[in-house]
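Numbering (our numbering), first residue to last: 22 to 246. We treat Cβ as the ideally placed atom computed from N, Cα and C, and that holds for glycine. Everything numeric in this text was worked out from a predicted model, so none of it was measured. This report refers to the structure that appears directly beneath it.
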């Protein structure tokens, strides 16, 4: 087992369904009890009312006014954390290490050990696989985002994506601007080269003209002589 992970050590039941009195039992065939203590809705526990989960209530002979299920979870450091759900009439109370807590606090504590009440990633109910298969791509994506907690980072992801798009737009603008500058410089260099070539040709033309004038004068001198 991964030393960074905890484990479900055992389950305690008191007057829960077919278990009369307090029972400390292993994990086999305890789907209902585990589902209940992890916050499952009544309709998935095969009863009409919450108090039907009290031993004997279904036949009209409840043995007590309350029932409870406690999951004892061993943390990676060896510390035990007790998650309890207690039935009182048609209401249930959530407790952590014997202290009553709100359902959202209970859910948050379970999420710390990677159990998500809303997503139900801890047990696979009958028909659940078919239900997942029937979901569309967006619904499945949302479910996996909730399990992986990536949904919590969606806003940050969207902001980062917008920022990245802005940076890409700026980079494209700057690249096009740079290309424009390079093109302008290239064009300017061509113009400078042409101007220098023109100036050089002009100088050569002047030199030729001077030479021609010199030759003409020399020819006149010979004729005079």
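Contact set for residue i: own chain, Cβ-Cβ below 7 angstroms, skip 5 residues either direction
i: residue 116; result: 105, 107, 122
i: residue 50; result: In this prediction, residue 50 scores a pLDDT of 46, lower than 50, which makes its location untrustworthy; the coordinate-derived value is nonetheless stated afterwards. Excluding sequence neighbours, residue 50 sits near nothing in its chain.
i: residue 129; result: none
i: residue 134; result: 27, 94
Cβ distance (whole Å) where residue i is taken to contact residue j below 8 angstroms
i: residue 65; j: residue 87; result: With 8 angstroms as the limit, residue 65 and residue 87 do not qualify as a contact, their Cβ atoms being about 21 angstroms apart.
i: residue 103; j: residue 81; result: No, residue 103 and residue 81 are not in contact; Cβ-Cβ is about 32 angstroms, not under 8 angstroms.
Test item: CB-CB of residue i and residue j under 8 angstroms
i: residue 101; j: residue 30; result: yes
i: residue 35; j: residue 93; result: no
i: residue 138; j: residue 71; result: no
i: residue 68; j: residue 76; result: no
Residues sharing a beta bridge with residue i, DSSP
i: residue 91; result: 33, 105
i: residue 28; result: 95
i: residue 122; result: 115
i: residue 255; result: Outside the shown range of the chain (22 to 246) lies residue 255, about which nothing can therefore be said.
Own chain residues within Cβ distance below 8 angstroms of residue i, not counting five before or after
i: residue 57; result: 37, 66, 74, 90, 106
i: residue 48; result: Per-residue confidence for residue 48 stands at a pLDDT of 47, beneath the threshold of 50, marking its modelled position as unreliable; the derived number appears in the next sentence. So the qualifying residues of the chain are 29, 31, 32, 55.
Neighbourhood of residue i by C-beta, 6 angstroms cutoff - its chain only, sequence neighbours within 5 removed
i: residue 178; result: none
i: residue 209; result: none
i: residue 95; result: 27, 28, 30, 101
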